[in-house]
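In numbering that gives the first Met the number 0, the protein residues as written are 0 to 143.
All C-beta atoms, glycine included, are put in the ideal place defined by N, C-alpha and C.
Note that the structure is a prediction, hence the values are computed from the model and not measured.
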Amino acid sequence: MASALLVLNGPNLNLLGIRDPDAYGTASLDTIEREIEEAFPAVDFTFRQDNSEGVLIDHLHAAHEQGVDGVVFNPGGYTHTSVALRDAVDAIDPPTVEVHLSNVHAREDFRRTSRIAPVCVGQMSGFGAAGYHLAVRYLLNRVS
Ligand code: DQA
0 MASALLVLNG
10 PNLNLLGIRD
20 PDAYGTASLD
30 TIEREIEEAF
40 PAVDFTFRQD
50 NSEGVLIDHL
60 HAAHEQGVDG
70 VVFNPGGYTH
80 TSVALRDAVD
90 AIDPPTVEVH
100 LSNVHAREDF
110 RRTSRIAPVC
120 VGQMSGFGAA
130 GYHLAVRYLL
140 NRVS
């Protein structure tokens with residue numbers, strides 16, 4: 000059976016390509032998602048992006064209910080603030096990998112703290128779009 004993964008992006012990541020290209024690169028989210036699909040043709044991906052905390056939580060709950068094999072999650076700015084998203088990641092069964100395009104540890108102090116990472120299986124930070132691919136690879140190795 001094909002592996003099923005949710006790739007979930009949080010606030011402002013819909014602006015990739017025009018938002019701070021020095022930090023986040025020039026590729027749009029659509030391009031990043033298409034490249035993930037092309038790189039892993041056997042995987043059944045669900046791609047979601049939302050700017051609202053509650054909707055992101057609903058997507059995490061849905062991933063649990065649908066029994067997906069893993070979640071690749073870039074929580075954007077909510078990484079550093081959201082107890083509710085942390086609780087949602089902690090509550091669901093699918094293993095979650097936190098991804099950041101930029102190296103959050105090399106930027107402002109407030110970005111060094113993640114409320115989400117302690118309930119994830121790991122964190123990718125600073126590898127640009129390749130971080131999503133590495134997270135997918137990890138999750139596929141884990142389920143196979
Ligand atoms: C980000 C890093 C966060 O600190 C920031 O708020 C974002 C993007 C990243 O992908 O590097 O929105 O998650």
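Under a three-way DSSP split, which group does residue i fall into?
i                : result
valine 42        : coil
valine 3         : One detail in the question is off: residue 3 reads as alanine in this sequence, not valine. Alanine 3 falls in the strand class under three-state DSSP.
asparagine 11    : coil
glutamate 107    : coil
arginine 47      : strand
glycine 121      : strand
glycine 75       : helix
valine 67        : coil
phenylalanine 19 : Looking at the sequence provided, one finds aspartate at residue 19 rather than phenylalanine. Correct three-state label for aspartate 19: coil.
alanine 116      : helix
threonine 25     : coil
Name the residue from the options whose alpha carbon lies nearest to the alpha carbon of residue i.
i             : options                         : result
glycine 130   : Asp43, Asp68, Tyr23 and Ser2    : Tyr23
proline 10    : Phe44, Asp86, Ser51 and Ser81   : Ser51
alanine 26    : Glu37, Asn13, Glu36 and Thr112  : Asn13
proline 94    : Cys119, Val82, Glu107 and Tyr77 : Cys119
leucine 133   : Asp86, Val70, Thr112 and Arg111 : Val70
alanine 90    : Leu138, Gly16, Ala62 and Asn73  : Ala62
leucine 15    : Ala38, Tyr77, Thr30 and Leu5    : Thr30
arginine 114  : Asn140, Asn73, Phe39 and Arg141 : Asn73
glutamine 122 : Ser143, Ala3, Val82 and Gly75   : Gly75
Starting from residue i and walking both ways along the alpha helix (DSSP H), at which residues does that stretch end?
i              : result
asparagine 140 : 129-142
valine 54      : 52-64
valine 96      : Valine 96 -> not in any alpha helix (DSSP H); beta strand (DSSP E) instead, spanning 95-99.
alanine 87     : 82-90
For the region 122-141 and the region 91-111, state whether three or more C-beta atom pairs, one from each stretch, are separated by less than 8 angstroms.
Pairwise C-beta distances place the region 122-141 in contact with the region 91-111, as three or more of them are shorter than 8 angstroms.
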